[in-house]
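Trainee: Residue numbers (the working numbering): 29 to 753.
Sharing a structure with you now.
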């Protein structure tokens, strides 16, 4: 048999691309790198898809037309004469039902037949006399400036008449002057601009062709899709139903996916960190190599593994919603609301997903068609409080806010949403100015999702995350673990030791955080912030390790060490799955997982959060009461997203935007946390607080003016680029 490589390109209706995904498809098609183009069209809506088919055939490239969703067409009483359509188009036409596999064998046979032989074409849309005359006059001139074949010259001449910029870039001034003369002649003869007139010819041909090959047995009344849409798209029920779907997605992602996080974390830790480290120690490798290989590389793999169940659950749900046909309708329902902050309705989905995990939320922004909208959504997303931050909230609630913890956690969620909205409004008026683009989207008929389709789509997305974002995570984990294990004298220290390089760096950085209430003796809080760059889940473990160590040193108790038992670790990891799955029922009464457990008793709270009871005393001793604790939580809520999120942003928007997001979120976090602390403790140091607040206000004004100036420079640069072309 022969090997055939198939590239699945984003769907388009024509070669006149307006969005980034459409440009990708258009550029690849125009590159003529493909031996065959398989144009998959909706058989139930044939006419609107024949426009692109006509363009492809006019290019002179081999085309096979796959009439997909024939089952839907048959249910609607639509019969398509595939043989006549193939005869009219001059290319193979194969009826298929991709979801069931019907017709796929015939399609494969046609692919092999076409790619094995020469393509003879046989189709050329007959335009009216003046257009054909213009093409005939232009082709000899194009031969002088292009090495393209005669078929390609015909296509190039046609695109020049349609004012295609890529075609114009291939020609000199003399040819363009001749093109301008013919466009004017066409406009005078047809009464409309040349590009519109040529497009009308294609639409007219598509309409006539569809009418000749489609036979309808009888018009049906309202279809099932129409009946469902009358409910889910109505003004009264559209938004509530959408919120219900988002609620279910949120529930499924966090609770079902989250039920396996401990399992993946435990298994990966037992194999790649503790188990691998034990093996390295037994064979006598130096501690430094063990730190690099087990704690560094192995720890990175462990962090990546903890995200796999969350991402998998998210894309399982999203794939099911997409296959069902509802996703397009969700964007339609929320479009008006999201436009108020300069975003289309589709941007609402990634923002909601951010409450579960920012990484898949960032990856979900690729569905947005406009680069400005993608960047704005990405910038807003880290302020959606992800599930990884909740253990930090719970720890501080237990130590400082035992009587109103629920309200405080909910307030943090609301603050994050508010900051995201303010960020959107500010960026809309500065560096990301512009209204949200209107979007045209076909509402497909509803389908029952297939397990195969959901599994394949989910696997592709999860694999991409592991490959791309995983590389960044592993490197960052390696660096942080090495710095945390090496002493300032070059010796290997205990994990979390106050003599490690990372600890010393934290102590040096403590004065920077003084405006938000962190004093020099509370350097572990700074180390917690630094380790939170790795993953917010790490913050609790870091604080627990350091504060417990401090408490034991104060009390004169030695550290307790336990030997590693591989099978015990594997068993403990496996035991978390049924335990977590059994707790899913409770999540329906606490969808945001705001229940932080028993916080009235410190002993019970310590057991609930899996930390040492001494941690609370050490924290209460070093933080400046509730004001200092809440300021710290504000910083954790808003600052630098984890390296996994930055890795995803780098992949989706580039390294420059990833850097900007990191700087923006950290700046906002610092201003918010420090501002809250200074206002809360104003009476204790009024002169310093007043000076700091004034300096902050000046900085904010300067920042806004700087963003506006940046936006102005970008606008001028874009204008100069347009003029130069």
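Note that beta-carbon positions come from the ideal geometry of N, C-alpha and C, so glycine has one too.
Every value quoted in this text rests on a predicted model; they were computed, and no experiment measured them.
May I ask which residues mark the beginning and end of the beta strand (DSSP E) holding residue 91?
Mentor: On the chain shown, position 63 is the one that residue 91 refers to. Per DSSP, residue 91 belongs to the beta strand (DSSP E) from 91-96.
Trainee: Need the endpoints of the beta strand (DSSP E) that residue 67 sits in, please.
Mentor: Taking the first residue of the chain shown as position 1, residue 67 is located at position 39. Note, residue 67: beta strand (DSSP E), 65-70.
Trainee: So, with DSSP's three-state summary, where would you put residue 215?
Mentor: Working through the chain shown from its first residue, we reach residue 215 at position 187. In the structure shown, residue 215 sits in a helix (DSSP, three-state: H, G or I).
Trainee: For residue 221, which three-state DSSP category applies?
Mentor: Counted from its first residue, the chain shown places residue 221 at position 193. Three-state result, residue 221: coil.
Trainee: Would you mind stating whether residue 511 and residue 490 have Cβ atoms separated by less than 8 Å?
Mentor: As a first step, residue 511 is located in the chain shown; it is residue number 483 there, counting from the start. As a first step, residue 490 is located in the chain shown; it is residue number 462 there, counting from the start. Not in contact: residue 511 and residue 490 (Cβ atoms no closer than 8 Å).
Trainee: Can you list, in chain order, the residues of its chain whose CB lies under 6 Å from that of residue 358, leaving out five sequence neighbours each side?
Mentor: Taking the chain shown and counting its residues from 1, the one referred to as residue 358 is at position 330. Excluding residues within five positions, the ones whose Cβ falls inside 6 Å are 270.
Trainee: For residue 123, tell me which candidate among 132, 117 and 115 has the shortest Cα-Cα distance.
Mentor: As a working note, residue 123 is residue 95 in the chain shown. Relative to residue 123, the option among 132, 117 and 115 whose CA is nearest is 132.
Trainee: Going by the CB atoms, is the gap between residue 294 and residue 611 shorter than 8 Å?
Mentor: Taking the chain shown and counting its residues from 1, the one referred to as residue 611 is at position 583. Taking the chain shown and counting its residues from 1, the one referred to as residue 294 is at position 266. No, they are not a contact pair.
Trainee: Identify the continuous beta strand (DSSP E) that holds residue 244 and give its terminal residues.
Mentor: Locating residue 244 in the chain shown gives position 216, where the first residue counts as 1. From DSSP, the beta strand (DSSP E) with residue 244 extends over 242-244.
Trainee: Using the beta-carbon count (16 or more within 10 Å), is residue 35 buried or exposed?
Mentor: Here residue 35 refers to the residue found at position 7 of the chain shown. Classification of residue 35: exposed, given that the 10 Å Cβ count is below 16.
Trainee: Measure the alpha-carbon distance for residue 506 versus residue 438 and round it to whole angstroms.
Mentor: Position 478 of the chain shown holds residue 506. Position 410 of the chain shown holds residue 438. Roughly 34 Å between the two C-alpha positions.
Trainee: To the nearest angstrom, how far is it from the Cα of residue 425 to the Cα of residue 59?
Mentor: The residue you call residue 425 lines up with position 397 of the chain shown. The residue you call residue 59 lines up with position 31 of the chain shown. Roughly 59 Å between the two C-alpha positions.
Trainee: Here's the rule: buried if 16 or more other CB atoms are within 10 angstroms of the residue's CB, otherwise exposed. What is residue 275?
Mentor: Looking up residue 275 in the chain shown gives position 247. It is exposed - the Cβ of residue 275 has fewer than 16 other Cβ atoms within 10 Å.
Trainee: Determine, using beta carbons only, whether residue 245 and residue 105 come nearer to each other than 8 Å.
Mentor: Within the chain shown, numbered from 1, the residue matching residue 245 stands at position 217. Within the chain shown, numbered from 1, the residue matching residue 105 stands at position 77. Yes; because the gap between Cβ atoms is below 8 Å, this pair is in contact.
Trainee: May I ask you to report which of helix, strand or coil DSSP gives residue 528?
Mentor: By 1-based counting over the chain shown, the position of residue 528 is 500. Looking at residue 528 - three-state DSSP - the assignment turns out to be strand.
Trainee: What did DSSP end up calling residue 397 once you bin it into helix, strand or coil?
Mentor: Here residue 397 is taken as the residue at index 369 of the chain shown, counted from 1. Coil.
Trainee: Taking the C-alpha atoms as reference points, what is the distance between residue 298 and residue 644?
Mentor: Here residue 298 corresponds to residue number 270 of the chain shown, with the count starting at 1. Here residue 644 corresponds to residue number 616 of the chain shown, with the count starting at 1. When rounded, the distance between both Cα atoms is 28 Å.
Trainee: Between residue 292 and the rest of its own chain, which residues show a CB-CB distance below 7 Å, the 5 nearest in sequence each way excluded?
Mentor: Along the chain shown, read from residue 1 onward, the residue named residue 292 stands at position 264. Same-chain partners within the cutoff: 333, 334, 336 and 337.
Trainee: Closest to residue 653 by C-alpha separation, out of 725, 696, 429 and 700, would be which residue?
Mentor: Within the chain shown, the letter at position 625 stands for residue 653. Answer by Cα proximity: 429.
Trainee: Helix, strand or coil: how does DSSP classify residue 32 here?
Mentor: The residue you call residue 32 lines up with position 4 of the chain shown. DSSP places residue 32 in coil when its eight states are reduced to three.
Trainee: Answer yes or no: do residue 217 and residue 158 have a C-beta to C-beta separation smaller than 8 Å?
Mentor: Within the chain shown, the letter at position 189 stands for residue 217. Within the chain shown, the letter at position 130 stands for residue 158. Contact: yes.
Trainee: What are the boundary residues of the alpha helix (DSSP H) that includes residue 425?
Mentor: One-based indexing of the chain shown puts residue 425 at position 397. 418-428 is the span of the alpha helix (DSSP H), which, as asked, contains residue 425.
Trainee: Cβ-heavy atom distance between residue 485 and the ligand NAD below 7 Å?
Mentor: This structure lacks the ligand NAD; in fact it carries no ligand of any kind.
Trainee: With burial defined as no fewer than 16 other Cβ atoms inside 10 Å of the residue's Cβ, what is the status of residue 487: buried or exposed?
Mentor: Here residue 487 is taken as the residue at index 459 of the chain shown, counted from 1. Label assigned to residue 487: exposed.
Trainee: Keeping to the same chain, check which residues put their C-beta closer than 6 Å to that of residue 126; ignore five residues upstream and five downstream.
Mentor: What you label residue 126 is simply residue 98 of the chain shown in a count that begins at 1. Counting only Cβ-Cβ distances below 6 Å, and skipping sequence neighbours, we find 96.
Trainee: Quick check on DSSP: helix, strand or coil for residue 645?
Mentor: Residue mapping note: residue 645 aligns to position 617 of the chain shown, counting from 1. It is helical.
Trainee: Rounded to whole angstroms, what is the Cα-Cα separation between residue 39 and residue 397?
Mentor: Taking the chain shown and counting its residues from 1, one reaches residue 39 at position 11. Taking the chain shown and counting its residues from 1, one reaches residue 397 at position 369. Distance between the alpha carbons of residue 39 and residue 397 is about 12 Å.
Trainee: If we ignore side chains and look at the alpha-carbon of each, how far apart do residue 385 and residue 739 end up?
Mentor: For the purposes of this step, residue 385 is identified with residue 357 of the chain shown, where counting begins at 1. For the purposes of this step, residue 739 is identified with residue 711 of the chain shown, where counting begins at 1. Straight-line Cα distance between these residues: approximately 31 Å.
Trainee: Would you identify the three-state DSSP class for residue 378, choosing helix, strand or coil?
Mentor: If you number the chain shown from 1, residue 378 lands on position 350. Note: residue 378 maps to helix in three-state DSSP.
Trainee: Leaving out five residues before and five after residue 253 in sequence, what residues of the same chain have Cβ atoms less than 7 Å from its Cβ?
Mentor: Counted from its first residue, the chain shown places residue 253 at position 225. Hits under 7 Å: 473 and 474.
Trainee: Could you have a look at residue 475 and say whether DSSP puts it in helix, strand or coil?
Mentor: Within the chain shown, the letter at position 447 stands for residue 475. Correct three-state label for residue 475: coil.
Trainee: Of the choices 651, 492 and 603, whose alpha-carbon is the least far from that of residue 548?
Mentor: Within the chain shown, the letter at position 520 stands for residue 548. For residue 548, the nearest C-alpha among the options comes from 651.
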